Every structure is written in structure tokens, then in C-alpha cells.
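Asks: What follows is a structure written as C-alpha cells; I'll ask about it next.
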Ligand code: FES
């Protein structure tokens, strides 16, 4: 099983699990305000280890639209845990001014993943 390090805690997570859910199910209340559809960017994470080289078309399009985000963060709702990773969730219920994290994302990538190499 891949190892997922979130800040200073490391967890084993099921191979292929959606990263946003792996983070949430590890007890970190990450935001996912659009329900995992690559629209809100609140599920963004900073990678220190294992940033995937592939991206979904939806993630690439959404991050390209915001020069403050592109190249700095990734959308955890668009990433699967296929290998060891270390991340920092940027927005959680602990530091954001919201009353709920958003609808729980589905188990699979939404919208349907169209994979491409990260530019
Ligand atoms: S972009 Fe909204 S949950 Fe990922």
C-alpha cells in the first residue's frame, strides 16, 4: 500500500484511492467545496514528495485559469494514491472560514478522468 505523509503524519492508504478521500479519511478535514469536480480548488495540496506527472484535463484546465495556483498546488480530488506521496493540505476546517467542508467526493475521479502528462 502506498504511504501518504500529510504534514508530519504518515499513513498507509489503499492503492488507487482518491487523494482527497485518503486525506479526509486520515482525519484531516480538508475542504472539497465542489464535491470533487475540479471547480473550487479548495482541495488543493502542496507536494513535497511524489507529485504525479500526469494530470486530468479538468485539473489542468482549472489550475491554468489561476496563475497564483498553477505550478504551486495540485487538486487532490484529481489525484489517485498510486505511489508514496507527501503533501500539505492548504485549506482545512481548521484554517478556513466555512461551516462545512463540502459534499463528500465520490470514490472515483469526477468528472470522468481524461489523463494527460502535466505540462
Ligand atoms: S476542486 Fe473542488 S473538491 Fe477538488
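Numbering (my numbering), first residue to last: 10 to 128. All residues carry an ideal CB built from backbone N, CA and C; glycine is no exception. Remember, it's a predicted structure, so these values are computed and weren't measured experimentally.
(1) In the DSSP assignment, the beta strand (DSSP E) including residue 21 goes from what residue to what residue?
(2) The alpha helix (DSSP H) that contains residue 32, what's its start and end?
(3) So that I know if they touch, is there some Cβ in chain B lying closer than 7 Å to that of residue 54?
(4) Check whether the Cβ of residue 41 lies closer than 6 Å to any heavy atom of the ligand FES, and answer yes or no.
(5) I'd like the ranges of any alpha helix (DSSP H) spanning at least 4 consecutive residues and lying wholly in the stretch 37-125.
(6) Since residue 84 contacts residue 47 with CB under 8 Å, what's their CB separation in whole angstroms?
(7) Near residue 103, what residues of its chain come up, given a Cβ to Cβ distance below 8 Å and the 5 sequence neighbours on each side ignored?
(8) Relative to the C-alpha of residue 56, which candidate in 35, 13, 20 has its C-alpha closest?
(9) Given a cut-off of 7 Å, decide if residue 99 and residue 71 are closer than it, judged by their beta-carbon atoms.
Replies: On the basis of the coordinates in this document:
(1) 18-21
(2) Where residue 32 is concerned, the enclosing alpha helix (DSSP H) stretches over 28-34.
(3) The structure shown contains no chain B; it holds only a single protein chain.
(4) yes
(5) 66-73
(6) 6 Å
(7) The residues are 38.
(8) 13
(9) With contacts defined by Cβ atoms closer than 7 Å, residue 71 and residue 99 do not form a contacting pair.
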